[in-house]
Amino acid sequence: MDSNRYHSLDAMRGLLMLLGIYFHIAIFHYSESLLGLIAMITHYFRMHAFFLISGFFSALVLYRKGHYEMLNNRFTRIFLPLIIMVWPIWILNNFTSKFNELRYEKNILESLIQSFSKFFTNPLENFMPWDTGHLWFLSLLFGMSLLSYLMRNRLSNNYILKLSQRSVLLIFDRPWIGMLIFCSSYSLLLLVLNKFEAQGEGGWSSWIWFFKENGIKTFIAFSFFYFIGWQMYHYRDRIIDLSVRQYLKIWFILSILINIPLYSLYSAGYNNPIPLMNEVHRNIYNLNENLQKQKVTFMIDMSGEIVVEGSGDTASVYVCVAELGNPSGIKMKDIGNGIWSASVDLNPGIYHYKFRNGFHIDWEGEPSGWEVRDQIGKGGCGYGQYNNRKFKLKDKDITLGVFCWSDCTDCFGNEIPAAFYEKDFETVIVERVFIFLLNFLVPAYIMLVLALFIRFCSKPSKD
0 MDSNRYHSLD
10 AMRGLLMLLG
20 IYFHIAIFHY
30 SESLLGLIAM
40 ITHYFRMHAF
50 FLISGFFSAL
60 VLYRKGHYEM
70 LNNRFTRIFL
80 PLIIMVWPIW
90 ILNNFTSKFN
100 ELRYEKNILE
110 SLIQSFSKFF
120 TNPLENFMPW
130 DTGHLWFLSL
140 LFGMSLLSYL
150 MRNRLSNNYI
160 LKLSQRSVLL
170 IFDRPWIGML
180 IFCSSYSLLL
190 LVLNKFEAQG
200 EGGWSSWIWF
210 FKENGIKTFI
220 AFSFFYFIGW
230 QMYHYRDRII
240 DLSVRQYLKI
250 WFILSILINI
260 PLYSLYSAGY
270 NNPIPLMNEV
280 HRNIYNLNEN
290 LQKQKVTFMI
300 DMSGEIVVEG
310 SGDTASVYVC
320 VAELGNPSGI
330 KMKDIGNGIW
340 SASVDLNPGI
350 YHYKFRNGFH
360 IDWEGEPSGW
370 EVRDQIGKGG
380 CGYGQYNNRK
390 FKLKDKDITL
400 GVFCWSDCTD
410 CFGNEIPAAF
420 YEKDFETVIV
430 ERVFIFLLNF
440 LVPAYIMLVL
450 ALFIRFCSKP
460 SKD
């Protein structure tokens, strides 16, 4: 490998970023196709691999140029691009979201004009980037660079650091043992964080993610790979020896070992708390034939609200179930006395939902027809960053409501037990097992892909 340039890592880092574009296209427009499945597989390890490579290059800059130059390099190559580019990306995202919404009912010219006018009717909301959006990873990456700079002296002779260096060395010297430690360590970390995936549950795109619980958890999860990449720099001469055949074997065997307990859980009647993963895995294991969907009925009292059209042609209320991936939601029926109802058959699992006044085609934040998140949160039935309502579906039909708009009670102040989500001990244990199993293979995917790039992309491209 060239001593001045790591072409394979450059190529891998670049492709990982490009895959992000296709992931966002596929997940919104081709989620049920083969392209959507490929996008989900790459999403499983893509950003983790990116942070590992970033840790490697951060260590490279530090050991070649010193601590101060490393921090200066990270400031000019990470923080400044974040500050400069977040504004145009924010504006473009707001414009295209509105344009896409209007195109359902207007021609191109009218859609363009009204999309532009949106910025002047509410300039503060639409011109000011209130979060980092698609550049969230730069914010976290700069945080990792800053932390490594601040901790540079404390970590120099730390026992944990030396232990981690020996563990990383095992990845090259004794790959089977090293990968078992690598995979187990990451799964245990997610288990301790009680987090189903590194990038889950929001908070990480906030400018002040370090004040948000989920933001901090995401930072810790991805920092694990940044730290591993940093340690790998100490064994940079060994990276060139990574064997595709060896890591393909490791990935294959570990995949079998992990799928045995996963299959056992599903066949025993347990369900993955993530409905999408639950359905995908059951399809793979051919167990969906034994999985009976249950009817969920949502009911909302709109007697104190004015029902609007939104972008639709009739005034209607919708219920948006986040796991179904449709921001417009399910259209509800007016059954009289201001009560709206909708029923849908769902697989067992844990779901997040909210009611929405009027038809909308994107996930744009409040107001946009959403219930008031702060009010739901104060009532105690809001969960996560957005105070979504939440329920667990087991093996019988359930009814959720009748809720008053943006409340955890009905419109007479009576408590509705179904409004509140509570975990029993068995659910907690099963969720922890799923967390461990679902994240175990992330390092195996990363090392296999890294070995492929080392094998095929180590030479510089021709002019």
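So that you can map any letter, position 206 of the sequence shown is 205 in numbering that gives the first Met the number 0, and since no number is skipped, the others follow by simple counting.
Glycine included, each C-beta is placed from N, C-alpha and C at the ideal position.
Practice task
Within 10 angstroms of the Cβ of Ala48, are there 16 or more other Cβ atoms? Answer buried if so, exposed if not.
Solution key: Label assigned to Ala48: buried.
Cβ separation of Val401 and Met331, assumed to be a contact under 8 Å, to the nearest whole Å = Between Val401 and Met331 the beta-carbon gap is near 12 Å, outside 8 Å, which marks them as no contact.
**Prompt:** For Asp1, which three-state DSSP category applies?
**Reply:** Residue confidence is low: Asp1 scores 44 on pLDDT, short of 50, so the model does not pin down where it sits. Its coordinate-derived value is still stated next. If DSSP states are grouped into helix, strand and coil, Asp1 belongs with coil.
Beta carbon of Leu111 nearer than 8 Å to that of Phe98 = Result yes, Cβ atoms of Leu111 and Phe98 sit closer than 8 Å.
| query | Where does the unbroken alpha helix (DSSP H) through Tyr185 begin, and where does it stop? | reply | Per DSSP, the unbroken alpha helix (DSSP H) holding Tyr185 starts and ends at Pro174 to Leu192.
_Span of the beta strand (DSSP E) around Leu392_ = Arg388 to Leu392 is the extent of the beta strand (DSSP E) around Leu392.
Going by beta-carbon coordinates alone, are Gly142 and Ser204 separated by less than 8 Å? In this structure, Ser204 does not lie closer than 8 Å to Gly142 by Cβ.
- Task: Confirm, please, whether the CB-CB distance from Gly357 to Gly368 is below 8 Å.
- Result: For the 8 Å CB-CB criterion, Gly368 and Gly357 form a contact.
Inset, instruction - To the nearest angstrom, report how far apart Phe55 and Ile445 are at their CA atoms. - result: If you take the alpha carbons of Phe55 and Ile445, they lie about 14 Å apart.
- Give me the Cα-Cα distance between Asn325 and Cys380, rounded to the nearest whole angstrom. Spanning the two alpha carbons is a distance of roughly 22 Å.
Q. What separation, rounded to the nearest whole angstrom, lies between the Cα atoms of Lys353 and His42?
A. Approximately 26 Å between the Cα atoms of the pair.
Tell me whether the beta-carbon of Gly228 lies closer than 8 Å to the beta-carbon of Ile52.
-> Taking 8 Å as the Cβ cut-off, Gly228 and Ile52 qualify as a contacting pair.
- Message: According to DSSP, simplified to helix, strand and coil, what is Ser7?
- Response: Note: Ser7 maps to helix in three-state DSSP.
- prompt: Mapping DSSP to helix, strand and coil, what is Tyr444?
  reply: Tyr444: helix per DSSP, three-state reduction.
| Hey, out of Trp206, Gly309, Gln198 and Ile170, whose CA is closest to Ser242's CA? | Among Trp206, Gly309, Gln198 and Ile170, the Cα nearest to that of Ser242 belongs to Ile170.
Practice problem: Can you tell me which of Ile255, Leu286 and Leu256 puts its alpha carbon nearest to the alpha carbon of Asn270? | Solution: When the alpha-carbon of Asn270 is set against those of Ile255, Leu286 and Leu256, the nearest one is in Leu286.
### Task
Please name the residue, chosen from Tyr185, Gly303 and Val60, that lies closest to Arg76 on a Cα-to-Cα basis.
When each option's Cα is compared against that of Arg76, the closest is Val60.
- Nearest-angstrom Cα distance between Ala341 and Asn386? Rounded to the nearest angstrom, the two C-alpha atoms are 21 Å apart.
Leaving aside the five residues before and after Trp86 along the sequence, list all residues of the same chain whose C-beta is less than 6 Å from its C-beta, in chain order.
Within the same chain, Trp86 has close Cβ partners Pro128.
Are the segment 302-309 and the segment 269-283 in contact at 8 Å, needing three or more beta carbon pairs? Touching, no.
Under a three-way DSSP split, which group does Thr313 fall into? DSSP places Thr313 in coil when its eight states are reduced to three.
Using 8 Å for Cβ pairs, my map puts Leu190 next to Phe435. What's the rounded Cβ distance? Rounded, the Cβ-Cβ distance is 5 Å, consistent with contact.
Practice prompt. Have a look at Pro260, Asn258, Leu399 and Glu430 and flag the residue whose alpha-carbon is nearest the alpha-carbon of Glu414.
Written response: Closest option to Glu414, Cα to Cα, is Leu399.
TODO: Return the first residue and the last residue of the alpha helix (DSSP H) that Asn258 is part of.
DONE: Its alpha helix (DSSP H) spans residues Val243 to Ser266.
Item checked: Check whether Phe452 and Ala38 have beta carbons under 8 Å apart -> At least 8 Å separates the beta-carbon of Phe452 from that of Ala38.
- Task: Just tell me which of Met178, Ile207 and Phe221 has its CA closest to the CA of Gly199.
- Result: Looking at the Cα atoms, Phe221 is the closest of the given residues.
My assumption, with CB atoms under 8 Å, is that Tyr185 sits in contact with Val441. Please give the rounded CB distance. Contact holds; Cβ gap of about 6 Å.
- Please state whether DSSP places Ile415 in a helix, a strand or coil. Residue state, collapsed to three classes: coil.
Review point. Is the beta carbon of His23 less than 8 Å from the beta carbon of Lys458?
Key: No; because the gap between Cβ atoms is not below 8 Å, this pair is not in contact.
Quick one: which unbroken alpha helix (DSSP H) runs of 4-plus residues sit fully inside the segment 43-88? Chain order, please. Qualifying alpha helix (DSSP H) stretches, in chain order: 66-73.
*Going by the CB atoms, is the gap between Cys403 and Asp300 shorter than 8 Å?*
Their beta carbons are under 8 Å apart, which means Asp300 touches Cys403 by this criterion.
Inter-residue CB distance, Met69 and Ser57 (contact presumed, cutoff 8 Å)
Distance from Met69 to Ser57 at the Cβ level is roughly 6 Å; contact confirmed, criterion being Cβ atoms closer than 8 Å.
Given that a residue counts as buried once 16 or more other Cβ atoms are within 10 Å of its Cβ, and exposed if not, what is Glu212?
Result: exposed.
### Message
I'd like to confirm the pairing. Which residues does DSSP put opposite Leu345 in its beta bridges?
### Response
BP columns for Leu345 point to Gln293.
Check: Name the DSSP beta bridge partners of Arg355, please?
Finding: Arg355 is bridged to Tyr317 and Trp369.
- Query: Considering only the beta carbon of each residue, do Gly303 and Val318 sit closer than 8 Å?
  - Reply: Contact: no.
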